[in-house]
Structure formats: structure tokens, C-alpha cells
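Here the structure is laid out as C-alpha cells; the discussion comes afterwards.
Numbering (the working numbering), first residue to last: 1 to 173.
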């Protein structure tokens with residue numbers, strides 16, 4: 001099963017009431033050369049200015065982004081192209097947040113979620129490998145964390161690959 005590292009940016013804490021503004025995905029392989037980036041127009045009038053500011057976009061800029069249904073359909077096609085018939089595994093730094101938005105958007109706009117009903121958390125994986133609930137993996141990133149979702153997903157994928165190479169994580173890529 002192929003791993004896809006995902007990172008999202010939003011203008012609020014929950015999907016539906018608020019909007020996913022952008023997201024990035026990286027197929028976890030040694031090259032990290034297969035990526036997807038989507039920018040989505042708001043689906044709600046609600047937004048929290050401080051949350052939106054993290055993305056680096058203004059509300060006016062986001063209104064010019066593409067409609068969510070189109071972007072999610074393109075993401076579904078990209079997933080199929082990089083995973084073939086294998087079911088992908090969504091993994092992220094904060095899967096409780098990221099997968100909530102991805103799942104909601106897939107179900108709401110496409111009618112199904114290619115990731116199914118589960119996801120994996122990179123931070124929890126690292127804590128388990130280290131046997132220390134206070135350890136943090138973020139020092140394993142190479143790509144700087146910028147809140148651009150493709151860069152952030154890539155940095156997290158780099159950390160996962162470091163766990164595989166240097167720490168003996170058994171993962172099939």
C-alpha cells in the first residue's frame with residue numbers, strides 16, 4: 001500500500017463550517033518526485049482571519065481559487081495515477097486535522113474517499129519508535145516548514161524516509 005503524505009491549510013478549525021484553502025500531497029518514495037497541490041475557493045462565508053493568515057493568502061485571493069469539486073476530482077485522479085490499484089494510506093503530521101478535511105471534502109464533493117476511513121500520524125509513529133511520548137520528529141525534516149502544503153508534506157515525507165533508513169522502520173515503498 002502506497003503512503004501519501006498530506007498537509008492542508010484552512011481558514012478555520014472544522015470542514016463544512018470553514019474551508020480548506022490549500023493542500024499538498026507527496027507520494028512517499030525515495031525520490032519524492034510525485035506531488036499534488038490544490039487551491040480551493042471557500043465553501044463558506046465563515047473564516048477566522050488568524051487561521052487564514054497561516055496560509056499566506058488573503059480572503060480575496062482565496063475567492064479566486066478553483067471550486068472544490070474540480071480540485072478534489074483532480075486529486076482523486078492523481079491518487080489513482082500514482083497508486084494504481086493499490087489502496088493509498090494517508091499519513092500526516094497532524095492526521096486528526098488533515099485527514100478530517102480531506103475525508104470531508106472527498107465525501108462531500110466526490111461521494112467517496114480513496115483513503116478509506118483511516119489514516120496514520122507521523123508524530124505518533126516516531127514516539128512509538130523512540131518509546132518516548134515526548135519525542136518530536138520535526139528535526140528529521142530537510143525541507144523547511146513554510147506552511148506551503150507541498151513543502152510541508154515533503155519535509156514530513158523526508159522525516160518518514162529518515163525513520164526508514166536510519167531507524168529501521170519497516171515500510172514498503
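Yeah, the Cβ is synthetic: ideal placement off N, Cα and C, and Gly gets one too.
Beta bridge counterpart(s) of residue i as assigned by DSSP
i          : result
residue 66 : 40
residue 15 : 18
residue 9  : 22
residue 3  : 89
Alpha carbon of residue i to alpha carbon of residue j, nearest angstrom
i           : j           : result
residue 62  : residue 2   : 31 Å
residue 134 : residue 52  : 29 Å
residue 24  : residue 165 : 24 Å
residue 49  : residue 59  : 8 Å
Cut-off 6 Å between Cβ atoms - residues of its own chain near residue i, not counting five sequence neighbours on either side
i          : result
residue 42 : 19, 62
residue 67 : 41
Within-9 Å CB hit, residue i to chain C
i          : result
residue 77 : Chain labels in this structure do not include chain C; a single protein chain is all it has.
Neighbourhood of residue i by C-beta distance below 7 Å, restricted to the same chain and skipping five residues each side
i          : result
residue 29 : 173
residue 54 : 9, 147
8 Å CB neighbourhood of residue i in its chain, flanking five on each side removed
i           : result
residue 169 : 125, 129, 160, 163
residue 107 : 113
residue 231 : Because the chain spans 1 through 173 in this model, residue 231 falls outside it and cannot be assessed.
Terminal residues of the alpha helix (DSSP H) in which residue i lies
i           : result
residue 101 : 95-109
Given 8 Å as the limit, is there contact between the segment 140-159 and the segment 7-27, that is, 3 or more CB pairs closer than that? Segments in contact, yes.
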